[in-house]
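Engineer:
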Amino acid sequence: AQTVTQSQPEMSVQEAETVTLSCTYDTSESDYYLFWYKQPPSRQMILVIRQEAYKQQNATENRFSVNFQKAAKSFSLKISDSQLGDAAMYFCAYRSAVLDKTGANNLFFGTGTRLTVIP
Amino acid sequence: DAGVTQSPTHLIKTRGQQVTLRCSPKSGHDTVSWYQQALGQGPQFIFQYYEEEERQRGNFPDRFSGHQFPNYSSELNVNALLLGDSALYLCASSLDGTRSGNTIYFGEGSWLTVV
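Those protein sequence lines, which keep their order, are chains P and H.
All letters in the first sequence, in the order written, are residues 143 to 261 by our numbering.
All letters in the second sequence, in the order written, are residues 2 to 116 by our numbering.
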């Protein structure tokens, strides 16, 4: 089974500064997707960014970018120009790209990193 | 365009009781998954419904069951509640496809407390 590890339970960053959240994963598959989700106090999981394993180029979405190291099975999230609204739990997640025999697969989540933004 | 909606938002149940949680997927989505998120943990996959049938299940006992209706909405039922069932239950919807890259959208969850 796939496992996702987030080794930083908590991180903090000064407003307007840059912070990097770490994630590693374990899989024997070569074709998969990786995600970063944000979960604010409202509890709704919001997709921040997505990376397709067969694409070598790192994904970016405005102030959010990833460093995807496939061989090292590492997938970190960099938040630039941090804003107060970035404060939340951040979850790294894995999903196989190939549907299983039932036609389904699911997300595997890490345990999360709580990000605090200091004004 | 309404996103994924869940009800109720919060509820408190007693050990041994049964609970039903409800989910309406995002408009146009036909696949619904349920996740359990215990306090301080990441979400854990319970099961997925497509075409009114359960087609994938995580490592959860049979006390957890579900249903999907013709309009794609879904229910999660938990019988014989245990204290350990206290958690946030998240519903997620997506559009079925030949690959799994379709974006998954989550609701705000139903917070269940078992006392």
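For every residue, glycine included, the Cβ atom is placed at its ideal position computed from N, Cα and C.
If you're wondering where the values come from, they're calculated on a predicted model, not measured in any experiment.
Let me check understanding here. Comparing Cα to Cα, which of 81/H, 72/H, 74/H lies closest to residue 63/H?
Structural biologist: Counted from its first residue, the second sequence places residue 63/H at position 62. Ranking the options by Cα distance to residue 63/H, first place goes to 81/H.
Engineer: With a threshold of 16 other CB atoms inside 10 Å of the CB of residue 70/H, please say whether the residue is buried or exposed.
Structural biologist: Position 69 of the second sequence holds residue 70/H. Taking a 10 Å sphere around the C-beta of residue 70/H, we find fewer than 16 other C-beta atoms and assign the residue as exposed.
Engineer: Can you tell me where the beta strand (DSSP E) holding residue 61/H begins and where it ends?
Structural biologist: Indexing the second sequence from 1 puts residue 61/H at position 60. Neither: residue 61/H is in no beta strand (DSSP E) and is coded neither H nor E.
Engineer: Let me check understanding here. Comparing Cα to Cα, which of 147/P, 151/P, 157/P lies closest to residue 169/P?
Structural biologist: For the purposes of this step, residue 169/P is taken as residue 27 along the first sequence, with counting starting at 1. For residue 169/P, the nearest C-alpha among the options comes from 147/P.
Engineer: Assuming residue 12/H contacts residue 90/H (C-beta within less than 8 Å), just tell me the rounded distance between them.
Structural biologist: Here residue 12/H corresponds to residue number 11 of the second sequence, with the count starting at 1. Here residue 90/H corresponds to residue number 89 of the second sequence, with the count starting at 1. 10 Å between Cβ atoms; not a contact.
Engineer: Starting from the beta carbon of residue 71/H, find every residue of chain P whose beta carbon is closer than 9 Å, and list them in chain order.
Structural biologist: Along the second sequence, read from residue 1 onward, the residue named residue 71/H stands at position 70. Here the premise fails: no neighbours, minimum Cβ distance about 19 Å.
Engineer: Rounded to whole angstroms, what is the Cα-Cα separation between residue 257/P and residue 4/H?
Structural biologist: Residue 257/P sits at position 115 when you count from the first residue of the first sequence. Residue 4/H sits at position 3 when you count from the first residue of the second sequence. Taking the straight line from one Cα to the other gives about 25 Å.
Engineer: Cα separation between residue 88/H and residue 214/P?
Structural biologist: Translated into positions along the second sequence, residue 88/H becomes position 87. Translated into positions along the first sequence, residue 214/P becomes position 72. In a straight line, the C-alpha of residue 88/H is about 33 Å away from that of residue 214/P.
Engineer: Measuring CB to CB, does residue 144/P end up less than 8 Å from residue 251/P?
Structural biologist: Numbered from 1 along the first sequence, position 2 holds the residue referred to as residue 144/P. Numbered from 1 along the first sequence, position 109 holds the residue referred to as residue 251/P. Taking 8 Å as the Cβ cut-off, residue 144/P and residue 251/P do not qualify as a contacting pair.
Engineer: Does any C-beta atom of chain H lie closer than 8 Å to the C-beta of residue 153/P?
Structural biologist: Numbered from its first residue, the first sequence carries residue 153/P at position 11. Taking Cβ atoms only, chain H never reaches closer than 8 Å to residue 153/P, which makes this a no.
Engineer: Can a CB atom of chain P be found closer than 8 Å to the CB of residue 61/H?
Structural biologist: Here the question's residue 61/H lines up with position 60 in the second sequence. No, its Cβ sits nowhere closer than 8 Å to a Cβ of chain P.
Engineer: In terms of DSSP beta bridges, what is residue 236/P paired with?
Structural biologist: Residue 236/P sits at position 94 when you count from the first residue of the first sequence. The partner list for residue 236/P (beta bridge, DSSP) reads 176/P, 250/P.
Engineer: Of all the residues that make up the segment 5 to 32 of chain H, which are near chain P by a beta-carbon distance shorter than 7 Å?
Structural biologist: none
Engineer: How long is the line joining the alpha carbons of residue 226/P and residue 181/P, rounded to whole angstroms?
Structural biologist: Counting from one through the first sequence, the residue named residue 226/P turns up at place 84. Counting from one through the first sequence, the residue named residue 181/P turns up at place 39. Cα-Cα distance, rounded: 14 Å.
Engineer: For the putative contact between residue 179/P and residue 235/P, defined by C-beta atoms under 8 Å, what is the C-beta separation to the nearest angstrom?
Structural biologist: In the first sequence, the residue the question calls residue 179/P occupies position 37. In the first sequence, the residue the question calls residue 235/P occupies position 93. The pair is a contact, with the Cβ atoms about 6 Å apart (cut-off 8 Å).
Engineer: Closer than 8 Å, Cβ to any Cβ of chain H: which residues of the segment 217 to 230 of chain P, in chain order?
Structural biologist: none
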